[in-house]
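Enquirer: For reference, each letter of the sequence shown is one residue, going 1 to 190 in my numbering.
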Amino acid sequence: MIDLLRRGFDEGISTEEIADGLRRHAGDGAGEDVDELAAVLENYLRTVPDALAAALGMTKDPHFGRAVAFATGTILTYIFDEEDLLPEASYGVVGLLDDAYLVHGFVDSLRRMYPSAASSVEYAAPHSRTSEVVAAVLPEGVAESLLRTCESTIQVAQALFPSGQRVDGADATFEPQLRVAAALVATAAD
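1. Just the Cα atoms here: how many angstroms apart are T59 and Y123?
2. For T153, which residues of its own chain have a beta-carbon under 8 Å away from its beta-carbon, when the five flanking residues on both sides are left out?
3. Which residues mark the beginning and the end of the alpha helix (DSSP H) in which I154 is found?
4. Quick check: what's the CA-CA separation for R6 versus L160?
5. Which runs of the beta strand (DSSP E) at least 3 residues long sit entirely within the segment 20-75? Give them in chain order.
6. May I ask you to verify whether the segment 2-17 touches the segment 46-59, counting CB pairs closer than 8 Å and requiring at least 3?
7. Per the contact definition of three or more C-beta pairs closer than 8 Å, is the segment 79-91 in contact with the segment 28-44?
8. What is the residue span of the alpha helix (DSSP H) that R7 lies within?
9. Look at the Cβ atom of D35, then the Cβ atom of T15, and state whether they are nearer than 8 Å.
10. Quick one: what does DSSP say D98 is sitting in, helix, strand or coil?
11. Looking only at C-alpha atoms, which of A182, D98, I13 sits nearest to A136?
12. Tell me whether D108 sits in a helix, a strand or coil according to DSSP, three-state version.
13. Am I right that L56 and L37 are in contact with their C-beta atoms under 8 Å? What's the rounded C-beta distance?
What follows is the structure, encoded as structure tokens:
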């Protein structure tokens, strides 16, 4: 699947197409600098399949895989949604920027929240300066919202699928504890 996605990105993304999309939204001031910006964005977009492969590789981790899979599914739902914030039908290839920013931010969050989780795929994250450039292109506040979405999605996944690994790295059995006493207190309050 990732190979098909990579092929689609290779065939469907070009600096010229990105530059044309940017010019449609840049107004009269767009000059040769747009071509340079488009080249930076092209490289950023082309690494999306690698980022997805890294996230999917982390789903195989015996301790964290279920949580990572749940969170990854949520992210995939957004990026394959044809009516997301910047629909490709309206924005063309530039409409992939919010998706790319979300995916790269998601993998970065996974790596920070699961530092011991193994991925079977090598992935070199884009340079932080490049991510800043993409954030600057996105509508005001969107980059921050996408990064918060990454963090909260992973936190929800962690709550729903605890790791079964203690802080010291040893395996542990996790069994959710029902709060019957708290429910009885809540019932008595009625």
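For each residue, glycine too, the CB sits at the ideal point set by N, CA and C.
Expert: Inspection of the coordinates gives the following:
1. 15 Å
2. A71, T74, I75, F106
3. 142-160
4. 31 Å
5. none
6. yes
7. no
8. 2-12
9. yes
10. helix
11. D98
12. helix
13. Wrong, their Cβ atoms sit about 30 Å apart, outside the cutoff.
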